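K.L.:
One structure, pasted below without further comment.
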């Protein structure tokens, strides 16, 4: 008996009407639920069928960091983000300090970087940022010994001061005399690149010179970062397809990786030809390690991955930190006046030639240190940290985490939570870092994550703060930085918190202003 005979005449129309009514009622209920959701939680993305929360993400992509901060503020600091079906874009977003302490410290072993992170950041090879377990411990042990070496620390501090005095200050002097509008973010990026190349590779690159030359290695790093960010915002299967086809962002990443490899291989070759054991740059110190220290690593691959890791860590985080610091100070004259007062107490003659302060001289500059920490709080150079759950767990916030769940901790959002930093959390207030006794206040690392927390705490924290202080003091003491009127400075969507439109400024010499 056929199915057609089982249905009375006209039943097809009735079935069609039933299906249409069901779809109509389902869509109507979905829209009502969406409307109620938007009234109750205006910034929390709505979870649509099939596409998940992707429409909200796409609509707010131009302000991604602030969008996440708004969503977390309304959702109690933790939000489960759902991507389209079969896209593997789901992740748990949080900015809860208790969750951060649980993930980065007290349950560190349960939350490695994970294979997905290593796959996404494959350009870094098997460096310390991509490693977990035994490989990470081996990297950490070596890095701790070399970064803590007295000769290297002295070399790093002297290099930072020398580049400020011989390159950055003269460049800004010239810009001030010529009354040029300059992109301070670009200037600081070039300065940080030169300092980092000298410190890590022992190479002089002259990226910051009057002609502002193109530097292929620096451009390759920037291109690689852009491609890595793109990998974050599309399903893994998409960028892997682009990589297989060798098109689009993956083609640009492949070219950038080749340029990076060529530059670092050339520097390694130069060190081998020199064959010296007296170098105090990081690359030379690593190359002088005995073979038994590198057991389990391919030596050339290890040197390449380590050099690139430290280049990325030094170049971009320092440049971004300095750019946002000068933006914060330029838009808060009272903070600038307090820093200047502190610096002038160290150098009583403001009419003297350009002054660059050494690290030791700045050791007791409390307000300068507080101003830097406050800009790092509001504008962390790495705006989010990623982990992957190795086992099923429950976070202190009550959120259940299944094995394999990707967890994104938003440092940018954490700085803007009243429950964490108070009602003035969104304001730039260096005073929050100064105790009643006039000393710098200590905050728990899981509340202030600019230098990570737990066993993965940044080993170069002191070196980074020294470089920031030396550069900040020289610029503020010698120049007044004025942001060009009408120029919008907003965060860029990137793995590093760059400025979307740069930072256009005019520079004026202090002795000209004060006289």
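Numbering (this note's numbering), first residue to last: 567 to 1081. The C-beta atom is built at its ideal place from N, Cα and C for all residues, glycine as well. Bear in mind the structure is a predicted one, so any value in this text is a computation, not a measurement.
1. In whole angstroms, give me the CA-to-CA distance for residue 1028 and residue 709.
2. Tell me which residues share the same chain as residue 1012 and place their Cβ nearer than 7 Å to its Cβ, disregarding the 5 neighbours each side in the sequence.
3. Hey, would you say residue 908 sits closer than 7 Å to residue 934, going by beta carbons?
4. For residue 889, does the count of other Cβ atoms within 10 angstroms reach 16, so buried, or fall short, so exposed?
5. Please return the same chain residues whose Cβ sits closer than 8 Å to the Cβ of residue 790, not counting the five positions on each side in sequence.
6. I'd like to confirm the pairing. Which residues does DSSP put opposite residue 1042 in its beta bridges?
7. Strictly by DSSP, which residues pair up with residue 1074?
8. When DSSP labels each residue in this structure, what does residue 766 get in the three-state scheme?
9. Quick one: residues in its chain with C-beta nearer than 6 Å to the C-beta of residue 814, no 5 flanking neighbours on either side, listed in chain order?
10. Compute the beta-carbon to beta-carbon distance between residue 982 and residue 625, rounded to the nearest angstrom, for a pair I have assumed lies under 8 Å.
11. What's the C-alpha gap between residue 885 and residue 959?
12. For residue 963, does the three-state DSSP call read helix, strand or coil?
13. Could you compute how far the alpha carbon of residue 923 sits from the alpha carbon of residue 621?
14. So residue 657 and residue 647 are in contact, right, with Cβ under 8 Å, and what is the actual spacing, rounded?
15. Kindly give me the distance between the Cβ atoms of residue 617 and residue 641, rounded to whole angstroms, as I take these residues to be in contact under 8 Å.
16. When the Cβ atoms of the stretch 732 to 751 are set against those of the stretch 1063 to 1075, are three or more pairs found closer than 8 Å?
17. Less than 7 Å separating the beta-carbons of residue 676 and residue 956?
18. Hey, could you find the ends of the beta strand (DSSP E) residue 973 is sitting in?
19. Answer yes if the stretch 1033 to 1047 comes into contact with the stretch 932 to 952, meaning at least three C-beta pairs across the two stretches below 8 Å, and no otherwise.
20. If we ignore side chains and look at the alpha-carbon of each, how far apart do residue 1075 and residue 975 end up?
21. Would you decide whether residue 930 is buried or exposed? Buried here means 16 or more other CB atoms lie within 10 Å of its CB.
22. Please state whether DSSP places residue 814 in a helix, a strand or coil.
23. Per DSSP, which residues does residue 734 bridge with? Please list them.
24. Leaving aside the five residues before and after residue 967 along the sequence, list all residues of the same chain whose C-beta is less than 8 Å from its C-beta, in chain order.
25. Return the bridge partner residues of residue 658 from the DSSP annotation.
P.N.:
According to the structure shown:
1. Along the chain shown, read from residue 1 onward, the residue named residue 1028 stands at position 462. Along the chain shown, read from residue 1 onward, the residue named residue 709 stands at position 143. Their backbone Cα atoms lie some 14 Å apart in a straight line.
2. Numbered from 1 along the chain shown, position 446 holds the residue referred to as residue 1012. Once the five neighbours on either side are set aside, the close Cβ partners of residue 1012 are 663, 666, 667, 670, 671 and 1019.
3. Translated into the one-based positions of the chain shown, residue 908 becomes position 342. Translated into the one-based positions of the chain shown, residue 934 becomes position 368. It is a contact, given that the beta carbons lie within the stated cut-off.
4. Position 323 of the chain shown, counted from the start, is the residue given in the question as residue 889. Per the 10 Å Cβ criterion, buried.
5. Locating residue 790 in the chain shown gives position 224, counting from the first residue. Around residue 790: 689, 819, 822, 823 and 826.
6. Indexing the chain shown from 1 puts residue 1042 at position 476. Paired residues: none, contrary to the question.
7. The sequence position of residue 1074 within the chain shown is 508, counting from 1. DSSP links residue 1074 through a beta bridge to 1046.
8. In the chain shown, the residue the question calls residue 766 occupies position 200. Note: residue 766 maps to helix in three-state DSSP.
9. As a working mapping, residue 814 is identified with position 248 in the chain shown. Closer than 6 Å at the Cβ level, and outside the excluded window around residue 814, lie 808.
10. Here residue 982 refers to the residue found at position 416 of the chain shown. Here residue 625 refers to the residue found at position 59 of the chain shown. Not confirmed; about 20 Å, so no contact.
11. Here residue 885 is taken as the residue at index 319 of the chain shown, counted from 1. Here residue 959 is taken as the residue at index 393 of the chain shown, counted from 1. Their backbone Cα atoms lie some 37 Å apart in a straight line.
12. For the purposes of this step, residue 963 is taken as residue 397 along the chain shown, with counting starting at 1. Assigned with DSSP and collapsed to three states, residue 963 falls in coil, not helix or strand.
13. Position 357 of the chain shown, counted from the start, is the residue given in the question as residue 923. Position 55 of the chain shown, counted from the start, is the residue given in the question as residue 621. One C-alpha to the other measures close to 51 Å.
14. Translated into positions along the chain shown, residue 657 becomes position 91. Translated into positions along the chain shown, residue 647 becomes position 81. The C-beta distance from residue 657 to residue 647 rounds to 5 Å, short enough to fall under 8 Å.
15. Taking the first residue of the chain shown as 1, we reach residue 617 at position 51. Taking the first residue of the chain shown as 1, we reach residue 641 at position 75. With a Cβ gap of about 20 Å, residue 617 and residue 641 do not count as contacting.
16. Taking a cut-off of 8 Å for Cβ pairs, the stretch 732 to 751 and the stretch 1063 to 1075 touch, as three or more such pairs fall below it.
17. Taking the chain shown and counting its residues from 1, one reaches residue 676 at position 110. Taking the chain shown and counting its residues from 1, one reaches residue 956 at position 390. For residue 676 and residue 956, yes; Cβs fall inside 7 Å.
18. Locating residue 973 in the chain shown gives position 407, where the first residue counts as 1. That run of the beta strand (DSSP E) goes 972 to 976.
19. Output reads yes: the stretch 1033 to 1047 touches the stretch 932 to 952.
20. Residue numbering aside, residue 1075 sits at position 509 when the chain shown is read from its first letter. Residue numbering aside, residue 975 sits at position 409 when the chain shown is read from its first letter. If you draw a straight line from the Cα of residue 1075 to the Cα of residue 975, it is about 41 Å long.
21. By 1-based counting over the chain shown, the position of residue 930 is 364. Label assigned to residue 930: exposed.
22. Locating residue 814 in the chain shown gives position 248, where the first residue counts as 1. Residue 814 falls in the helix class under three-state DSSP.
23. In the chain shown, residue 734 corresponds to position 168, counting from 1. Answer is none; residue 734 lacks a bridge partner.
24. As a first step, residue 967 must be located in the chain shown, where it is residue number 401. Within the same chain, residue 967 has close Cβ partners 658, 955, 958, 959, 960, 961 and 973.
25. Taking the first residue of the chain shown as position 1, residue 658 is located at position 92. In the DSSP assignment, residue 658 forms a beta bridge with 646 and 973.
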